[in-house]
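Report on the structure given below.
Residue numbers (our numbering), protein chains in the order written: chain A, 1 to 444; chain B, 1001 to 1444.
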């Protein structure tokens, strides 16, 4: 079979999406509101999402492994969340004031993750990491932020650097002011990382790191990489920030910091914490967060001014987040053993299928998360974002697109997949079978 | 009567709020997730909001003029929005993909505001203004941003400067990197503004301005102030950004730019555009927005990378925004003539009451928005944020608190009020009567 057959098949079955995409180009640059949501020849347009499925405007039903940027651990519109929301939306969506719903969610987070001694709600992860960095600069009175090459912390100006290959080039126009104070270190290379950090430690405010590199390709930390970064931070009084926007409530209900035995000064949450509605949370040590307390502070320049924002603590998000976390808490073993086991099974069986067919791949992942990387003469292992960038991305694209087109299985092309509580072994077996069929078609 | 009587009365009637506030202090710095939501002795905690009312955890019912940071032009949970949301929440809250709901909302915005040649959705206003500034720097290849003294564009690092009195002092710790490239000009003083702009025009990327200074105190532009800023921008090829997050769909369904006959290069929307759910929109000239189009761009450093974000274009926000704008469109005359007339009546009658009682105040406002300022020997007029800051803010606080405590009328203390379609002349008459009663109590 020819790779063009998949494109043709897709076009035949997504005619309404094609029309909508043409409209969309008149409204949005590139027809999208998030860069990664575009894929060739045009993305399908979703009209509804239920359980593990996305349904597009041509009535194609896709098994969804993208799951709302990995936020939907219980699947789309789980019943307990929907039921609570159906009441809430009649009783206000935006109070604009303090409210008891926000206390309930915060209290639930604090009990599950006691290192959240204090927290501040915002509406996006990008805001939460921006506030974390601001708090770190405020607490340390230093300026430099160290991040990981390929690390993704949202679209805020403070952290939009060394995200995409080639990493040494700016992430775009209009960002040069902040980027001077951001240095980047290579994931899983502790010696080089510490060497680079050492050079700028006098003005180093913080190190911010994802426990696993999620957006960069689902890359797992080597033994002690994170611990040694933390050790360096503690030694030199540098603030250690863990970005748990993807991993929080995903790898464990107590956060990745528990799994990796870490003690972050600050950490950020998002995605799952909002139960499918917009949220960001900056959490951590009372001593640091308290800098943001505006009450009775006489001098505005002695506090750290962070949002908030109009939509912060809105009762729709608070309700969805609370119901999601309550379900996870009440069904902890059931949920995590199911999704983690399915994740393990998926990784093992996918690897086996490609091995049997002599296609060199590496599956990375942990718990319910996984990503495939097609190896080549340049890349034989996946240890950092550079490896992912230099692996055979065109094969990954063809594989993901074939899954979409022929098999109605949706991974956002290139991105890792997430198993939700709605997925079953049958779904994974169908993914495995579809993968075999794609291999047989010889497009890879 | 003594001012302490109002505090005591409030405390007696908000006992559950007091308990919750104590809990809240263990979770959030200062017990809040947005600095301005605190007021003395502690804010009441809302448990639901319907129509024009906020209901707190002690079952007090407040007539709400804060209206979700002025976002809720149709009131809390209007029926047509609730009905549509009740369907949507069962059919997905976060697709994470392109979707037809976002096309419908964008198309509606574009038809109402044709200067939105292209747009990008994000989840907060703070993100939208950050992206507007980034686009301006990208398009101009210049660095300096000019903003208004007292102008409020959210908590992003790029624009958090000269917001609060004293304006020349930093807005807090951790912000010094960006703030070097922000200069501030005085609202309504065109000569001084142009003089300051002239000095830095070689490296000036953009001027960002709210059509009316909303957060700073509901201050209306003098004749031609905005036009002359725009004229200067056009002359020197500086990008003119209008921040319509408050005014868009509030002053007119076609934006304040129509009312003030302006032609912004970029403008931002938020609040009303999301129908009570989290949103930000950066809109404007195709030529500038197109810099953010990531498709087929070979070099990442030649585009302007803006979000998006996980929650951008989520179908809950898209649905609430669409239903709100459709209602405004279908009932344009009815809605705007009602709220604008009530606004006019409120401003006129409030001014009269204070005048009759020889209390020097000035009511500022336009359309459905208004704010009271207590004058003193230093301040006899309200033309800019400095005047608001130097007016008698303690009297304003006492007045707003007395309205909350005794009369169950809610303005967020110090902040302007907004009339929604749910408010009636009876409500305003009750506000007037309550104001007379407060004046009679001699606390002001």
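No residue lacks a Cβ here, since even glycine has one placed at the ideal position from N, Cα and C. Computed from a predicted model, the values in this text were never measured in an experiment.
Strictly below 7 Å CB to CB, what residues from chain A border residue i?
i                       : result
residue 1030 of chain B : 293, 294 and 295
residue 1308 of chain B : 33, 34, 35 and 155
residue 1143 of chain B : 177
residue 1102 of chain B : 33
Quick check on the DSSP output: the alpha helix (DSSP H) that includes residue i runs from which residue to which?
i                       : result
residue 1130 of chain B : 1125–1140
residue 1321 of chain B : 1315–1330
residue 1187 of chain B : No alpha helix (DSSP H) holds residue 1187 of chain B; DSSP gives it neither H nor E.
residue 149 of chain A  : First-last for residue 149 of chain A: undefined, no H or E at that position.
residue 9 of chain A    : 3–13
residue 219 of chain A  : Careful: residue 219 of chain A lies outside any alpha helix (DSSP H) and carries neither H nor E.
If you measure from the beta carbon of residue i to each beta carbon in chain D, is any gap under 9 Å?
i                     : result
residue 80 of chain A : Looking for chain D here will not work: the only protein chains present are A and B.
Rank the options by C-alpha distance to the C-alpha of residue i and give the top, closest one.
i                       : options                           : result
residue 1359 of chain B : B/1325, B/1333, B/1339 and B/1399 : B/1399
residue 1275 of chain B : B/1249, B/1211 and B/1201         : B/1249
residue 436 of chain A  : A/352, A/48 and A/156             : A/352
residue 1060 of chain B : B/1379, B/1048 and B/1150         : B/1048
residue 299 of chain A  : B/1022, B/1007 and B/1169         : B/1169
residue 55 of chain A   : B/1078, B/1075 and B/1100         : B/1100
residue 125 of chain A  : A/279, A/291 and A/327            : A/279
Helix or strand or just coil, what does DSSP make of residue i?
i                       : result
residue 1173 of chain B : coil
residue 103 of chain A  : helix
residue 1415 of chain B : coil
residue 225 of chain A  : helix
residue 389 of chain A  : helix
residue 67 of chain A   : helix
residue 209 of chain A  : strand
residue 263 of chain A  : coil
residue 277 of chain A  : coil
residue 18 of chain A   : helix
residue 1093 of chain B : coil
residue 254 of chain A  : coil
residue 296 of chain A  : coil
residue 195 of chain A  : helix
residue 1336 of chain B : helix
Could you check whether residue j and residue i sit closer than 9 Å to each other, using their CB atoms as the reference points?
i                       : j                       : result
residue 520 of chain A  : residue 308 of chain A  : Any answer about residue 520 of chain A is impossible in this case: the structure gives chain A only from 1 up to 444.
residue 186 of chain A  : residue 148 of chain A  : yes
residue 116 of chain A  : residue 284 of chain A  : yes
residue 1239 of chain B : residue 1140 of chain B : yes
residue 1041 of chain B : residue 1065 of chain B : no
residue 1319 of chain B : residue 1084 of chain B : yes
residue 1145 of chain B : residue 1050 of chain B : no
residue 198 of chain A  : residue 225 of chain A  : no
residue 1374 of chain B : residue 1392 of chain B : yes
residue 1402 of chain B : residue 1438 of chain B : yes
residue 1316 of chain B : residue 1088 of chain B : yes
Find the residues of chain B that neighbour residue i, judging by a C-beta separation of less than 7 Å, and give them in chain order.
i                      : result
residue 110 of chain A : 1027
residue 90 of chain A  : 1077 and 1082
residue 289 of chain A : 1029
residue 72 of chain A  : 1094
residue 329 of chain A : By Cβ distance, chain B contributes nothing, its closest Cβ being about 17 Å from residue 329 of chain A, past 7 Å.
Determine the chain A residues that contact residue i at a beta-carbon separation under 8 Å, and present them in chain order.
i                       : result
residue 1304 of chain B : 172, 173 and 174
residue 1120 of chain B : 28, 29 and 33
Is the beta carbon of residue i within less than 8 Å of some heavy atom of the ligand MG?
i                      : result
residue 393 of chain A : Here there are no bound small molecules, and the ligand MG is not part of this structure.
Quick one: which chain B residues come within Cβ less than 8 Å of residue i?
i                      : result
residue 164 of chain A : 1300
residue 65 of chain A  : Simply none; closest approach about 11 Å.
residue 125 of chain A : 1309 and 1310
residue 421 of chain A : Those do not exist, as residue 421 of chain A stays about 16 Å from chain B at its closest Cβ, beyond 8 Å.
residue 138 of chain A : 1172, 1173 and 1174
residue 107 of chain A : 1023 and 1027
In chain A, what lies closer than 9 Å to residue i by C-beta?
i                       : result
residue 1038 of chain B : 98, 294 and 295
residue 1010 of chain B : Within 9 Å Cβ-Cβ: nothing; residue 1010 of chain B doesn't reach chain A, min ~15 Å.
residue 1184 of chain B : Under the 9 Å cutoff, chain A gives no residues; its nearest Cβ is about 15 Å from residue 1184 of chain B.
Could you work out which residues of chain B lie near residue i, taking near to mean beta carbons separated by less than 9 Å?
i                      : result
residue 314 of chain A : 1068, 1276, 1277 and 1278
Between which two residues does the beta strand (DSSP E) holding residue i run?
i                       : result
residue 1281 of chain B : 1280–1284
residue 120 of chain A  : 118–122
residue 1049 of chain B : 1046–1050
residue 1053 of chain B : 1053–1056
residue 408 of chain A  : No beta strand (DSSP E) contains residue 408 of chain A, which DSSP labels as neither H nor E.
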